[in-house]
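Have a look at the structure below before the remarks.
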Amino acid sequence: MRVVIGEDSVLLREGLVRLLAAGGFEVVAAAGDAEEFLKAVGEHRPDVVVVDVRMPPSFTDEGLRAALVLRRQHPEIAVLVLSQYVEERYATELLSGPPSKVGYLLKDRIADVGDFLDALRRVAGGGTALDPEVVSQLLVRRRSDPLDRLTPRERDVLALMAEGRSNSAIAAALFVSESAVGKHVNSIFTKLDLPPAETDHRRVLAVLRFLQA
Amino acid sequence: MPLGGPYRVLMRFVRRTGRAVVLAVTGPFVALAGILALLTAGLFAPRPVVEALSDWQRRRYSVLAGEPLVAPVERHGVLRQQLFHWLAVPMSIVTFAATVGSWALSAAGFGWLSFGWSLRADPDGLLRYGSPVPMSVVPILSSLLLIVGFFAALRFTDLELAVARTLLQASRAERLSARVDRLTESRAETVDAADAERRRIERDLHDGAQQRLVSLAMNLGLARATLTEADPQAREALAAAHDEAKLALSELRDLVRGLHPAVLDDRGLDAALSGIAARSPVPVELTVELPADAADRPSRTIEAVAYFVVAEALSNVAKHAGATAVTVDVRHRGDRLRLWISDNGRGGADPARGTGLRGLAQRAGSVDGRLTVTSPIGGPTVIEVELPCE
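Sequence order for the protein chains is A and B.
FYI, in our numbering the residues of the first sequence are 1 to 213.
FYI, in our numbering the residues of the second sequence are 1001 to 1390.
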């Protein structure tokens, strides 16, 4: 899978190139600022990009803005946004489109090499990867209506679904059986008034409802 | 140096006297020039002339009497100042006369002694001193008058200064209000400087230590994932190092996020509060009602203070309150930003004892904000903060 990286710290950029190469990705370009990054993406048309939020020149949110541009102009390219801190507001902006092929993680997560590569593959494969920190921020801010009907356990399951995990991963994280998770998921679908349809699609809708509630 | 103290005192006195003499001797000329200006140019443009003259006189007294005189606000107290310029003529003439007159008499006395006018020819044709009484009185009187001249200069210019103080200066209320303005400005600058400093530190840590730590943790993670055949002890050490690096990273992030998050600048207070609310170990219910229009955003300083207050209050709740729920409510009401932080803990918080609450009060006070803490024993604790936003 072909990747373009946007990261201004040379140290981290080179580290990411090495890490992704070791993980079986093909890094076709690595840029140091947002403009260069967008140019490289236009040139190489990668399958997935990994981009830092804070980059030159203003060191605020140019990486995020570049990611938003990509999501609009090239929805086929998967976007994983990395940052030293995650912000609920950035996540909301990033997820304003269809909640797929998108990820937003703390840079800390790179340290857990295996998990990080899994998340990147999941995003590239059309899924989502949201940092637990940003999910808890979203939970603080989104308490309204349909979510009030969820039990705390169901909220936990939904939060893990928002992170992009599968039922078996959720079961492992919550120390319950996979069938119990399946029950919770169905209950969430019912409470959020999601009509029966293809399961994956409903998962996406549930996450969307969760983020936009 | 044993002579140092007294010597310095003496020199100070000599310098002061010297300046007083300059004031006394030049006084009438300055005052008369002033009156001349008032009666010519002053007829056409009284206010600027009066103010220019006052400025001149104030500078004269400030430099020569060593007491800075504060000018009134422009266009204020013009009549008062005009009165001074008229009074300056008789005052300075009296000072001049007392000083120079004493010295003139003293000089006459010494001259009388020195130049032989005091001598008489006796019948033998020899020159002798005349009557013995003036011969002993005149030198003493002349010496005294010489000294009196100096004291006259000192005392009379002091009197002039007293008059100048009341007539040429801003009134006490005006001076105080000017001082308040200056202090307000310098305090705002201090608060802004402290804020800029926090931003700078945040940026330095973000670009330096944090990136380096991420890279370190990543390399350790990579090593941990690949060195599966290394000896178990080495792998254990590697795993410990990896975990430590991740822990350091997360602690550093908490610290840096508390300094001044970048999101506060580019998305505002509402967005920045999510991060601290989510990180609080005690569940937070957060309500923020701020104007949606970016133009109505509170100033950066006020936002930074509000952010800090909420962050600090939440960390206080986590440390001391023993609470299971916190409510944070942030609203814009008129020209005030109102923060309301309440927990269901054990109460008994005393701003006079804890440094945390005192720090909050100081921080709010630094922008003329007000902080009230209500915390009866047994709870609940409510912190209310009002910050002005223009």
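Where is the CB? At the ideal position from N, CA and C, for every residue including glycine.
Neighbour list for VAL1330(B) in chain A, Cβ cutoff strictly below 7 Å: Against the second sequence, residue 1330(B) aligns to sequence position 330. In chain order: nothing, as chain A lies at least about 13 Å away.
Chain-order list of residues whose beta-carbon lies under 6 Å from that of LEU1161(B) (same chain, five-residue window excluded): Translated into the one-based positions of the second sequence, residue 1161(B) becomes position 161. Closer than 6 Å at Cβ, skipping near neighbours: TYR1061 and ALA1065.
Proximal residues of chain A, C-beta to C-beta of ALA1262(B) below 7 Å: Your numbering for residue 1262(B) matches position 262 in the second sequence. Residues of chain A passing the Cβ test: ARG54 and THR60.
Chain-ordered neighbours of ILE110(A) on chain B, where CB pairs are closer than 8 Å: What you label residue 110(A) is simply residue 110 of the first sequence in a count that begins at 1. Near ILE110(A) (Cβ distances below 8 Å), the residues of chain B are VAL1214, ALA1217, MET1218 and GLY1221.
Contact between the stretch 98-116 of chain A and the stretch 1216-1227 of chain B (3+ Cβ pairs under 8 Å): The stretch 98-116 of chain A and the stretch 1216-1227 of chain B touch, with no fewer than 3 CB-CB distances between them shorter than 8 Å.
Every unbroken beta strand (DSSP E) inside the stretch 1265-1350 of chain B [3 residues or more]: Entirely contained in the stretch 1265-1350 of chain B, the beta strand (DSSP E) runs reaching 3 residues are, in chain order, 1284-1289, 1326-1333 and 1336-1343.
Identity of the residues DSSP links to ALA1041(B) by a beta bridge: Within the second sequence, the letter at position 41 stands for residue 1041(B). None; ALA1041(B) has no bridge partner.
Validate contact between the stretch 1291-1300 of chain B and the stretch 1244-1254 of chain B using beta carbons, cut 8 Å, 3 pairs: no
Reduced DSSP secondary structure (H/G/I, E/B, other) of ASP1231(B): Residue mapping note: residue 1231(B) aligns to position 231 of the second sequence, counting from 1. Coil at ASP1231(B), not helix or strand.
Partners in chain B for GLU163(A), counting only beta-carbon separations shorter than 9 Å: Sequence index remark: in the first sequence, residue 163(A) carries index 163 (1-based). By Cβ distance, chain B contributes nothing, its closest Cβ being about 14 Å from GLU163(A), past 9 Å.
Close-in-space but distant-in-sequence residues of the same chain around GLY1258(B) (CB under 6 Å, 5 per side omitted): Counting from one through the second sequence, the residue named residue 1258(B) turns up at place 258. For GLY1258(B), same chain residues with a beta-carbon under 6 Å away, outside a window of 5 residues either side, are ALA1311 in chain order.
In DSSP terms, what VAL1373(B) is bridged to: Taking the first residue of the second sequence as position 1, residue 1373(B) is located at position 373. Per DSSP, ILE1383(B).
N- and C-terminal bounds of the alpha helix (DSSP H) containing GLY1221(B): Against the second sequence, residue 1221(B) aligns to sequence position 221. Note, GLY1221(B): alpha helix (DSSP H), 1211-1226.
Stretch-stretch touch, CB-based, cutoff 8 Å, three pairs: the stretch 50-63 of chain A with the stretch 23-37 of chain A: At 8 Å Cβ cutoff, the stretches touch.
Stretch-stretch touch, CB-based, cutoff 8 Å, three pairs: the stretch 1277-1289 of chain B with the stretch 1165-1178 of chain B: no
Where ARG2(A) falls: helix, strand or coil (DSSP): Locating residue 2(A) in the first sequence gives position 2, counting from the first residue. If DSSP states are grouped into helix, strand and coil, ARG2(A) belongs with the strands.
Residues within the stretch 106-130 of chain A neighbouring chain B, beta-carbon criterion of under 7 Å: Legend: CB atoms of the stretch 106-130 of chain A lying less than 7 Å from CB atoms of chain B belong to residues LYS107, ASP108, ILE110, ALA111, ASP112, VAL113 and GLY114.
Any non-hydrogen atom of the ligand FMN closer than 6 Å to ARG1370(B) Cβ: Among the components of this structure there are no ligands whatsoever, and the ligand FMN is therefore not found.
Distance, ILE77(A) Cα to VAL48(A) Cα: Numbered from 1 along the first sequence, position 48 holds the residue referred to as residue 48(A). Numbered from 1 along the first sequence, position 77 holds the residue referred to as residue 77(A). Taking the Cα positions, VAL48(A) is about 5 Å away from ILE77(A).
Residues from the stretch 18-52 of chain A in contact with chain B, defined by Cβ distance under 9 Å: ARG18, LEU19 and ALA22
Residue range of the unbroken alpha helix (DSSP H) whose run includes VAL181(A): Residue mapping note: residue 181(A) aligns to position 181 of the first sequence, counting from 1. Per DSSP, VAL181(A) belongs to the alpha helix (DSSP H) from 178-191.
C-beta atoms of TYR104(A) and LEU130(A) nearer than 7 Å: Working through the first sequence from its first residue, we reach residue 104(A) at position 104. Working through the first sequence from its first residue, we reach residue 130(A) at position 130. Cβ atoms of TYR104(A) and LEU130(A): closer than 7 Å.
Beta carbon proximity, ALA1311(B) to chain A, threshold 7 Å: Along the second sequence, one-based indexing puts residue 1311(B) at 311. Not closer than 7 Å to any Cβ of chain A, the Cβ of ALA1311(B) fails to qualify, so no.
Where LEU1286(B) meets chain A, residues with beta-carbon distance less than 8 Å: Along the second sequence, read from residue 1 onward, the residue named residue 1286(B) stands at position 286. The answer, in chain order, is VAL140 and ARG141.
Runs of alpha helix (DSSP H) wholly within the stretch 64-141 of chain A (minimum 4 residues, chain order): 88-94, 113-124 and 132-141
Simplified DSSP state of VAL1180(B), which is helix, strand or coil: Walking along the second sequence from the start, residue 1180(B) turns up at place 180. Taken through DSSP and simplified to helix, strand or coil, VAL1180(B) comes out as helix.
Beta-carbon proximity of ASN1344(B) to PRO1380(B), cut-off 7 Å: Within the second sequence, residue 1344(B) is the residue found at index 344, counting from 1. Within the second sequence, residue 1380(B) is the residue found at index 380, counting from 1. Yes, these two residues count as a Cβ contact at 7 Å.
Among LYS39(A), VAL181(A) and LEU68(A), the one whose alpha carbon lies nearest that of LYS101(A): Here residue 101(A) refers to the residue found at position 101 of the first sequence. When each option's Cα is compared against that of LYS101(A), the closest is LEU68(A).
Below-7 Å beta-carbon distance, ASP1293(B) vs any chain A residue: The residue you call residue 1293(B) lines up with position 293 of the second sequence. By this cut-off, ASP1293(B) is not an interface position.
ALA1020(B) and THR1166(B) closer than 7 Å at C-beta: For the purposes of this step, residue 1020(B) is taken as residue 20 along the second sequence, with counting starting at 1. For the purposes of this step, residue 1166(B) is taken as residue 166 along the second sequence, with counting starting at 1. Their beta carbons are not under 7 Å apart, which means ALA1020(B) does not touch THR1166(B) by this criterion.
7 Å Cβ cutoff met for SER1342(B) and THR1324(B): In the second sequence, counting from the first residue as 1, residue 1342(B) sits at position 342. In the second sequence, counting from the first residue as 1, residue 1324(B) sits at position 324. Contact flag unset, no.
Beta-carbon contacts of GLU1384(B) that lie in its chain and below 6 Å, excluding the five residues immediately before and after: In the second sequence, residue 1384(B) corresponds to position 384, counting from 1. Once the five neighbours on either side are set aside, the close Cβ partners of GLU1384(B) are TRP1340 and THR1372.
N-terminal and C-terminal residue of the beta strand (DSSP E) that ASP52(A) is part of: Within the first sequence, residue 52(A) is the residue found at index 52, counting from 1. From DSSP, the beta strand (DSSP E) with ASP52(A) extends over 48-52.
Beta-carbon spacing of THR1099(B), GLY1149(B) below 7 Å: Counting from one through the second sequence, the residue named residue 1099(B) turns up at place 99. Counting from one through the second sequence, the residue named residue 1149(B) turns up at place 149. A contact, by the Cβ cut-off of 7 Å.
Selection of the stretch 1267-1286 of chain B by Cβ proximity to chain A, strictly under 7 Å: ARG1267, ALA1271, SER1274, GLY1275, ALA1277, ALA1278, VAL1284 and LEU1286
Sub-7 Å separation of ARG71(A) and VAL79(A) beta-carbons: Stepping through the first sequence from its first residue, residue 71(A) is reached at position 71. Stepping through the first sequence from its first residue, residue 79(A) is reached at position 79. The answer is yes: Cβ separation under 7 Å.
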